[in-house]
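Residues in the sequence shown are numbered consecutively from 1338, following our numbering.
No residue lacks a Cβ here, since even glycine has one placed at the ideal position from N, Cα and C.
Beneath this line is the structure, given in structure tokens, with notes to follow.
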Amino acid sequence: MTDKIDYVEFPSRDRAATSAFFTAAFGWEMTSYGPDYDGLEGAGIDGGIDQGAGRVAATMAIVRTQDLDDAERRVIAAGGVITQAQFDFPGGRRFHFREPGGNELAIWVARD
């Protein structure tokens, strides 16, 4: 498997309003994962709407990999800057980084 974008995360100050908008405008379905996070379904790519205090400032593409440590080494070697160290989340483990042009992305690996 090569590294591929497989998730997009939308920050929101009002998760319920953002979810309702996407449902009304595009027919996307939502799965609630608590008061701060909804998962997107039917959007053509997996994604989520994050209202949590630690949410990112802008929409963020998330890349899936098979080896998180190797991906982190490659990101740093290519000039990326780690913005959030590796951490666990319900689906696996990930870290955030900024590429030299200023975009923030994340890379994740699924739990075994």
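In the DSSP assignment, find the alpha helix (DSSP H) that holds residue i and state where it starts and stops.
i	result
residue 1361	1352-1363
Taking residue i as the reference, which of the options has the closest Cα?
i	options	result
residue 1407	1389, 1366, 1445	1445
Please name the residue or residues paired with residue i in a DSSP beta bridge.
i	result
residue 1377	1367, 1384
residue 1442	1434
Measure the C-alpha to C-alpha separation of residue i and residue j and round it to an integer number of angstroms.
i	j	result
residue 1405	residue 1341	13 Å
residue 1433	residue 1396	13 Å
residue 1373	residue 1436	27 Å
residue 1339	residue 1402	7 Å
residue 1413	residue 1422	12 Å
residue 1381	residue 1425	25 Å
residue 1439	residue 1391	19 Å
residue 1420	residue 1427	20 Å
I'd like the span of the beta strand (DSSP E) that includes residue i, first residue to last.
i	result
residue 1431	1429-1435
Check whether the stretch 1340-1348 touches the stretch 1374-1390, counting contact only when three or more Cβ pairs, one atom from each stretch, lie closer than 8 Å. yes
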